[in-house]
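Okay, so here's the structure we're looking at.
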Amino acid sequence: MTSAFFLSASLAILLAVLLSLYRVVVGPSIIDRIIGVNVIGTKTIAVIVLTGYLFERVEFFIDIAFLYALINFIGTLVLSKYFEQKGVESPRVTL
Amino acid sequence: MNLLAGFLICAGVFFLFMGAVGLIRFPDFYTRMHAAGKCDTLGSLLVLTGLACHEGLALSSVKLLIIAVFIFFTSPTATHAIARAAHKNQVPHWTIGEGK
Numbered sequence: 364m365t366s367a368f369f370l371s372a373s374l375a376i377l378l379a380v381l382l383s384l385y386r387v388v389v390g391p392s393i394i395d396r397i398i399g400v401n402v403i404g405t406k407t408i409a410v411i412v413l414t415g416y417l418f419e420r421v422e423f424f425i426d427i428a429f430l431y432a433l434i435n436f437i438g439t440l441v442l443s444k445y446f447e448q449k450g451v452e453s454p455r456v457t458l
Numbered sequence: 088m089n090l091l092a093g094f095l096i097c098a099g100v101f102f103l104f105m106g107a108v109g110l111i112r113f114p115d116f117y118t119r120m121h122a123a124g125k126c127d128t129l130g131s132l133l134v135l136t137g138l139a140c141h142e143g144l145a146l147s148s149v150k151l152l153i154i155a156v157f158i159f160f161t162s163p164t165a166t167h168a169i170a171r172a173a174h175k176n177q178v179p180h181w182t183i184g185e186g187k
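Quick look at the structure:
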């Protein structure tokens, strides 16, 4: 019962990840892609912890999730600082 | 599994999903950031807090709450950094009557 609940919750979050991946692939400017990647990373933290409950090894997966949160934060900061200086091309076309 | 944990996880999944829908549906960059930044922070916060409630009083729940506090600080910071990059480079914003 409990593991079925966790499995369905992580599948719903993975569906949301697929929806965000649309913005990463299509996104008109580079900065839309950056925010899509940031959103996917934040959702992945929740998915990693839920996966830990499915495998019944929560302690290890929580550490992995914390590391992933750190990497996601630093990566997004570095990308935004880089494109802040380099310039963002932004075509007017939106999908 | 107690009821509170289930409710918190369901609410968190709902917010994460709505954030993704907003990321697709909104017309320009700033409105997308509005959906992505807030819904994502609240959603992962609710999911992690619900899992900590499920765990009860243990080391794992303390770690989960530490991750939740970390996300609570870092996710708005990352969103602010991206918005600042867009604002400095004068990314055009959507106006009324422009279509989607």
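Sequences listed follow chains A and B, in order. Mapping of the first sequence onto our numbering: residues 364 to 458, in sequence order. Mapping of the second sequence onto our numbering: residues 88 to 187, in sequence order. Note that beta-carbon positions come from the ideal geometry of N, C-alpha and C, so glycine has one too.
query: Neighbour-count burial assignment, residue 437 of chain A, 16 or more Cβ in a 10 Å radius; result: exposed
query: Distance, residue 175 of chain B Cα to residue 181 of chain B Cα; result: 17 Å
query: Segment contact, 8 Å Cβ cut-off, at least three pairs: the stretch 424-436 of chain A with the stretch 108-118 of chain B; result: no
query: C-beta neighbour in chain A for residue 158 of chain B, strict 8 Å; result: yes
query: Chain-ordered neighbours of residue 98 of chain B on chain A, where CB pairs are closer than 7 Å; result: Those do not exist, as residue 98 of chain B stays about 11 Å from chain A at its closest Cβ, beyond 7 Å.
query: Among A:410, A:450, A:418, nearest to residue 379 of chain A - alpha-carbon criterion; result: A:410
query: Residue-level contact to chain A via CB, residue 93 of chain B, 8 Å cutoff; result: yes
query: Beta carbon proximity, residue 125 of chain B to chain A, threshold 8 Å; result: no
query: Backbone secondary structure at residue 448 of chain A - three-state DSSP; result: helix
query: Residue 144 of chain B at chain A interface by Cβ criterion, 8 Å; result: no
query: Own chain residues within Cβ distance below 8 Å of residue 401 of chain A, not counting five before or after; result: 435, 439
query: Alpha helix (DSSP H) segment containing residue 167 of chain B, residue limits; result: 146-175
query: Min CB distance residue 370 of chain A to chain B below 8 Å; result: no
query: Cutoff 8 Å: residue 103 of chain B Cβ touching any chain A Cβ; result: yes
query: Neighbourhood of residue 102 of chain B by C-beta, 7 Å cutoff - its chain only, sequence neighbours within 5 removed; result: 126, 129, 130, 133
query: Cβ pair residue 405 of chain A, residue 162 of chain B closer than 8 Å; result: yes
query: Continuous alpha helix (DSSP H) stretch holding residue 189 of chain B: start and end; result: Here chain B comprises residues numbered 88 to 187, so residue 189 of chain B is not present and cannot be evaluated.
query: Closest Cα partner of residue 124 of chain B within the set B:171, B:166, B:153; result: B:166
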